[in-house]
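Novice:
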Ligand code: PMP
């Protein structure tokens, strides 16, 4: 038995399912998860001494590669001054200013400690600001695990087949309306019926929790128009896309400006961080300035701010996104060619440094229904064949893939080579 398997057995005695976040348990692909000892650059090293080329990147934060020296040094330097103050510190202002500079629609910013907190707080704010209770989300989009958002959710909820979680009272869930992603006509219809009650639309501008699904032309623009018409708040959940698809996030790519934006992952450089922000008039409703309550013991934590600021400084350097996008294109072109050579029908999506692949002969995968119709068995077998060859992909067909700047041409070539062998074996 490998050390990972031994640890997984031990973990299951005291940790539900042996993991602290469900997808990590490999439940949908089968087998035993790999326990990681350390990570560096493009690689993860497991407790049994095996090296993997990593395409999860801690589910997005590791855009610069693991254990980046600038971030590590910033954390060590900040730690020398104490780990948490529970009082304001200068780095929080630097962070808010940096975010406002990179994402100009975020005129004011509040830091939190996870993406879940960011979306939960943004929704409370939208409700408080509009005085309305109903919210609208999209099928297969995941916005963290706050009660009203675990309705037709994506990511782990979808992977484990519980997109509507027990424990969410029906009385809460009834305030969450869901539409099909990329289906503007449906949104228009729902607003025509209930628009005066809808506080906000929350959307992943590029869906990354039912694999990777970009918005179709006009979709985000249409959401903006509808929110303006009905005085609802448009929230872009850029926890995944922020600083991933472009420096200014998906809103910079598609040139659509939301009222509120949520961020996470990269903004913390690997530390537990999230943020929400947006229009000044809305953000001024947050306590202590306004009546909408929101707080956090560790919010704006000095170590997390130091890590996040170091990450944002590095990714603001010229050429980062050109390089990241080119590497990602290189990978999916290689994978696409290999699949074609072996007669495996596949479709690929990419936006900047985020990608998705589907075992499907459909050329267009644009919503939850398409994503769930792909060949799940082929994915499972592919996942394990790749893992055996030292390629660490997300253990679910409903997650996006993430590259880092640390992935070298050799890493990409090795990945394509392993994929070709896996396709042949399928
Ligand atoms: N929103 C989106 C778009 C996400 O992808 C995620 C997590 N993958 C979240 C919110 C929740 O973030 P966290 O896991 O940090 O709570």
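Numbering (our numbering), first residue to last: 2 to 427.
For each residue, glycine too, the CB sits at the ideal point set by N, CA and C.
Just so we're clear, the structure is a prediction, and the values are computed from it rather than from any experiment.
Quick check: the Cα distance between residue 1 and residue 393, rounded to an integer number of angstroms?
Specialist: It is not possible to answer for residue 1, since the shown part of the chain is limited to 2 through 427.
Novice: What residues come near ligand 1, if near means a beta carbon less than 5 Å from any of its heavy atoms?
Specialist: Counting every residue whose Cβ lies closer than 5 Å to a heavy atom of ligand 1, we get 115, 116, 117, 144, 145, 205, 238, 240, 241, 265.
Novice: Tell me the residue span of the alpha helix (DSSP H) that contains residue 228.
Specialist: Segment 220 to 231, the alpha helix (DSSP H) holding residue 228.
Novice: Decide yes or no for the touch test of the segment 300 to 317 against the segment 254 to 269: beta carbon pairs closer than 8 Å, at least 3 of them.
Specialist: Yes, since at least three Cβ pairs between the segment 300 to 317 and the segment 254 to 269 fall closer than 8 Å, the two stretches touch.
Novice: Express the C-alpha separation of residue 356 and residue 413 in angstroms, rounding to a whole number.
Specialist: Looking at the two C-alpha atoms, the distance is approximately 14 Å.
Novice: Whole angstroms are fine: how far does the CA of residue 26 sit from the CA of residue 33?
Specialist: Their backbone Cα atoms lie some 7 Å apart in a straight line.
Novice: With distance defined between alpha-carbon atoms, name the residue in 99, 260, 248, 193 nearest to residue 221.
Specialist: The candidate whose alpha carbon is nearest that of residue 221 is 260.
Novice: Less than 8 Å between the beta carbons of residue 115 and residue 273, yes or no?
Specialist: Cβ distance < 8 Å, so residue 115 and residue 273 count as in contact.
Novice: Just how far apart, CA to CA, sit residue 282 and residue 345?
Specialist: The straight-line gap from Cα to Cα measures roughly 52 Å.
Novice: Helix, strand or coil, according to DSSP, for residue 67 in the structure here?
Specialist: In the structure shown, residue 67 sits in a strand (DSSP, three-state: E or B).
Novice: Would you identify the three-state DSSP class for residue 429, choosing helix, strand or coil?
Specialist: For residue 429 there is no data in the structure shown, the boundaries of the chain being 2 and 427.
Novice: Since residue 131 and residue 200 should fall inside the 8 Å C-beta cutoff, what is the C-beta to C-beta distance between them, to a whole number of angstroms?
Specialist: The Cβ separation is near 5 Å, so the contact holds.
Novice: Output yes or no for whether 8 Å exceeds the beta carbon distance between residue 137 and residue 178.
Specialist: It is a contact, given that the beta carbons lie within the stated cut-off.
Novice: Please report how far the alpha carbon of residue 292 lies from the alpha carbon of residue 129, in whole angstroms.
Specialist: Roughly 8 Å between the two C-alpha positions.
Novice: Report, in whole angstroms, the separation of the C-beta atoms of residue 369 and residue 182, which I expect to be a contact under 8 Å.
Specialist: With a Cβ gap of about 6 Å, residue 369 and residue 182 count as contacting.
Novice: Do the segment 245 to 255 and the segment 201 to 220 touch if we need at least three Cβ pairs shorter than 8 Å?
Specialist: Yes: at least three Cβ pairs fall under 8 Å.
Novice: For residue 288, which of helix, strand or coil comes out of DSSP?
Specialist: In this structure, residue 288 counts as coil in the three-state DSSP scheme.
Novice: Secondary structure at residue 198, three-state DSSP: helix, strand or coil?
Specialist: DSSP places residue 198 in helix when its eight states are reduced to three.
Novice: DSSP three-state call for residue 255: helix, strand or coil?
Specialist: Residue state, collapsed to three classes: helix.
Novice: Kindly indicate which three-state DSSP category residue 176 falls into: helix, strand or coil?
Specialist: Correct three-state label for residue 176: coil.
Novice: Mind the definition here: the segment 94 to 110 touches the segment 144 to 155 only if three or more C-beta pairs lie below 8 Å; say whether that holds.
Specialist: The segment 94 to 110 vs the segment 144 to 155: no contact.
Novice: If you draw a straight line from the C-alpha of residue 328 to the C-alpha of residue 379, how long is it?
Specialist: Looking at the two C-alpha atoms, the distance is approximately 25 Å.
Novice: From the DSSP output, read off the bridge partner residues of residue 41.
Specialist: In the DSSP output, where bridge partners are listed per residue, residue 41 has 44.
Novice: Around the Cβ of residue 342, are there at least 16 other Cβ atoms within 10 angstroms (buried) or fewer (exposed)?
Specialist: Exposed.
Novice: Is there contact here, the segment 58 to 74 with the segment 87 to 94, by at least three beta-carbon pairs under 8 Å?
Specialist: No, the segment 58 to 74 does not touch the segment 87 to 94.
Novice: Straight-line CA distance for residue 423 to residue 15?
Specialist: Each residue's alpha carbon lies about 36 Å from the other.
Novice: Looking only at C-alpha atoms, which of 406, 294, 258, 55 sits nearest to residue 319?
Specialist: The residue with the shortest Cα to Cα distance from residue 319 is 406.
Novice: Since residue 278 is in the beta strand (DSSP E), which residue starts that stretch and which ends it?
Specialist: Element bounds for residue 278: 275 to 279.
Novice: Taking the alpha carbon of residue 195 as the point to measure from, which residue in 24, 169, 231 has its own alpha carbon closest?
Specialist: Checked all of 24, 169, 231; the closest Cα to residue 195 is 231.
Novice: Taking the straight line between their C-alpha atoms, what separation do you get for residue 390 and residue 381?
Specialist: Each residue's alpha carbon lies about 14 Å from the other.
Novice: Could you tell me which residues DSSP pairs with residue 272 in its beta bridges?
Specialist: BP columns for residue 272 point to 270.
Novice: May I have the straight-line CA-CA distance separating residue 299 from residue 239, to the nearest angstrom?
Specialist: Residue 299 and residue 239: Cα-Cα distance of roughly 21 Å.
Novice: Quick one: grab the DSSP three-state call for residue 404.
Specialist: Three-state DSSP puts residue 404 in coil, outside helix and strand.
Novice: Name the DSSP bridge partner or partners of residue 1?
Specialist: An answer regarding residue 1 cannot be provided, because it is not within the stretch 2 to 427 covered by the chain.
Novice: Which residues share a DSSP beta bridge with residue 350?
Specialist: Answer is 357.
Novice: Apart from the five residues on each side of it in sequence, which residues of its chain come closer than 6 Å, Cβ to Cβ, to residue 254?
Specialist: Around residue 254: 246, 247.
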